[in-house]
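Working notes, beginning with the structure itself.
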Amino acid sequence: MKLLVALAALLFLLELFTGPAGLDPYVIQEVRLPRAMGAVATGLMLALAGLLLQTAIRNPLADPYVLGVSGVAQLAALASYVGWRLAGVPYVGYFAGSLAGATVATALLAYLARRAEPLVVVMTGVLMAFVSYSATQLLVLALPPEELGFIYVGLQGSFAAYPAGILGYGILAAALTLWLIAYLNARHIAVLAHGEDVAAGLGADVKRASLIALLVSSIAVGLTVASVGPVGFIGLLAPHMARWLAGRYRFDKVMWTAASLGPILALVADLAIKALPRETPVGTVLTLVGAPAAAYLMWRHVGKIRG
C-alpha cells in the first residue's frame, strides 16, 4: 500500500515537472498542475465508481464506461449545456446534466441487476453506450462552430480539460469526500457482493448501503464526465487489480489499494500521451490496455457461468 502511494506521488511529480517547456513556473502552475490534479481526481472517482458498481450490482464486468453510464452522462451534459446556453450559464447546465445522466443510467443498471442475468445487464449497458454516443454526435451538430473546440475535448476525454482554480480544487475535494463516505460505510457495502438476503442476514442495512453505493458512484461518474469527459476502463481495471493485490476478502484493503491504483493508471496514461508527438485523447491510450483486459474478464466470467 505504501509503495503504491509513493508511486502515485512520484508520477504526480513527473506530471508536474516534465514537458517541453521545462521548469517554467507559469506552465507548471497554470497548465501542468490542473492537468495532474485532473488525472488524480479522475483516477480516484472512476476507481471508486467501478468498485462500488461491481459490488452493488454483483457484476465483475461493471464499469461506468463499458456499461454506458459515462455515455449517458455525457449525452445529458451536452443536452443540458445546449439548453442552458439560452439562460447564459451553460457550464452549470453541463455539470447538472452530467450528474443527472449518470444517476439515471446507474439506477437503470441497478434495476436490471435485480431482475436479469449479469450478461443481460452488460449487454444492456453496452447498448446504452452505443446509443448515447450516436445521439451525442448528432447533438453536436446543434452547436455553433466556435464552441466545437470545447465540446471536442469533452467528447474525447482529456485531462487538459480539467478546470483550474477553485473549481478544480473543489472537484478534487469532492473526490476525496466520496471516498470517505464510501469508507465509512464499507462494512455494509462489502456484504452486498453476497446478495441482498445474505447481506441482511449479516446485519447490513441493505437499502441504505445500496443507495449510498449507487449514489456515490453516480456522483463520481457525473463529476468525471463534466470535468474531463468520458475516460474508460479505469473503473474496470483498478478494482480488479486491487483485489489481486490486496485479496478479495478484505474490502477495506481493496478500497485503499484501488484508491492508489486509479490515479496511478490515469497518471501513467497521461505521461504516455506526453511522449507522443501530438495530443491524444486519454481514453484512446487506456482503451489499448483496457479493451483486451475487459475481453479477458468477460471470457472468464462467461466460462464460470457455463461451468
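Heads up, the sequence shown is in my numbering, so the first residue is 653 and it goes up one at a time.
Even for Gly, the Cβ is constructed at its ideal location relative to N, Cα and C.
Note that the coordinates shown come from a computational prediction; the quantities given were computed from them, not determined experimentally.
Original post:
So, helix, strand or coil for Ala-759, using DSSP?
Top reply: helix
Original post:
Where do the N-terminal and C-terminal ends of the alpha helix (DSSP H) with Gly-822 fall, by residue?
Top reply: 817-836
**OP:** Alpha carbon to alpha carbon, how far is Gly-847 from Leu-928? Give it in angstroms, no decimals.
**Re:** 45 Å
**OP:** Taking Lys-859 as the reference, give the member of Leu-685, Met-689, Ile-709 with the closest Cα.
**Re:** Ile-709
Original post:
Counting along the chain, where does the alpha helix (DSSP H) carrying Met-907 start and finish?
Top reply: 903-926
Original post:
Residues in its own chain within less than 7 Å of Ser-732 by CB, not counting five upstream and five downstream?
Top reply: Gly-745, Tyr-746, Ala-748, Gly-749
**OP:** Taking the CB atoms as reference points, tell me whether Pro-815 and Ser-879 lie closer together than 8 Å.
**Re:** The answer is yes: Cβ separation under 8 Å.
**OP:** Identify which residue in Arg-902, Ile-886, Val-906 has its Cα closest to the Cα of Val-937.
**Re:** Answer by Cα proximity: Ile-886.
Original post:
Which residue from Gly-881, Met-907, Pro-882, Gly-735 puts its Cα closest to that of Ala-890?
Top reply: Met-907
Original post:
So, using beta-carbon positions, are Leu-666 and Leu-888 closer together than 8 Å?
Top reply: no
Original post:
To the nearest angstrom, how far is it from the Cα of Ala-911 to the Cα of Ala-762?
Top reply: Between Ala-911 and Ala-762, the C-alpha separation is close to 23 Å.
Subject >> Meets three-Cβ-pair contact criterion under 8 Å: the stretch 759-777 and the stretch 705-719 >> reply: Contact between the stretch 759-777 and the stretch 705-719 is established, with three or more Cβ pairs separated by less than 8 Å.
**OP:** Note down, one range per segment and in chain order, each alpha helix (DSSP H) of at least 4 residues found wholly within the stretch 843-888.
**Re:** 848-853, 858-880
Original post:
Hey, how far is the Cα of Pro-757 from the Cα of Leu-779?
Top reply: According to the sequence provided, residue 757 is Ala. The question's Pro does not apply to it. Approximately 12 Å between the Cα atoms of the pair.
Subject >> Reference Ala-813, options Arg-687, Leu-940, Leu-662, closest by Cα >> reply: Arg-687
**OP:** Run the proximity test for Gly-942: is its beta-carbon closer than 7 Å to any non-hydrogen atom belonging to the ligand FMN?
**Re:** With respect to the ligand FMN, the structure offers nothing, as it holds no ligand at all.
Original post:
CA-CA distance, Phe-669 and Asp-857?
Top reply: Cα-Cα distance, rounded: 47 Å.
**OP:** Could you tell me whether the Cβ atoms of Ala-725 and Val-873 are closer together than 8 Å?
**Re:** When the beta-carbon positions are compared, Ala-725 and Val-873 come within less than 8 Å of each other.
Original post:
So which of Val-773, Tyr-821, Val-934 has the shortest CA-CA distance to Leu-875?
Top reply: Tyr-821
Subject >> Phe-811 beta carbon less than 8 Å from that of Gly-690 >> reply: yes
Original post:
Excluding the five sequence neighbours on either side, which residues of its own chain have a C-beta within less than 6 Å of the C-beta of Ala-660, listed in chain order?
Top reply: In chain order, Ser-912, Pro-915, Ile-916 place their CB closer than 6 Å to the CB of Ala-660, counting only its own chain and leaving out the 5 sequence neighbours on each side.
**OP:** Might you give, ordered along the chain, the residues of its own chain that have their beta carbon closer than 7 Å to the beta carbon of Ala-898, omitting 5 neighbours on each side?
**Re:** Lys-905, Val-906, Thr-909
Original post:
Considering only residues of the same chain and omitting the five flanking positions on each side of Leu-949, which have a CB-CB separation below 8 Å?
Top reply: Pro-712, Leu-713, Leu-888, His-892
Original post:
Among Val-657, Leu-832, Leu-704, Ala-826, which one has its Cα closest to the Cα of Ser-869?
Top reply: Per the C-alpha coordinates, the member of Val-657, Leu-832, Leu-704, Ala-826 positioned closest to Ser-869 is Leu-704.
Subject >> Delimiting residues of the alpha helix (DSSP H) encompassing Thr-707 >> reply: Per DSSP, Thr-707 belongs to the alpha helix (DSSP H) from 685-708.
Original post:
Which class does Ala-945 belong to by DSSP, given the choice of helix, strand or coil?
Top reply: DSSP places Ala-945 in helix when its eight states are reduced to three.
Subject >> Rounded Cβ spacing between Leu-844 and Ala-827 (contact assumed at less than 8 Å) >> reply: The pair is not a contact, with the Cβ atoms about 22 Å apart (cut-off 8 Å).
Original post:
With respect to the alpha helix (DSSP H) encompassing Thr-776, which residues constitute its N-terminal and C-terminal limits?
Top reply: 770-792
Subject >> Selection from Gly-855, Leu-719, Leu-730 that minimises the alpha carbon distance to Leu-793 >> reply: Leu-730
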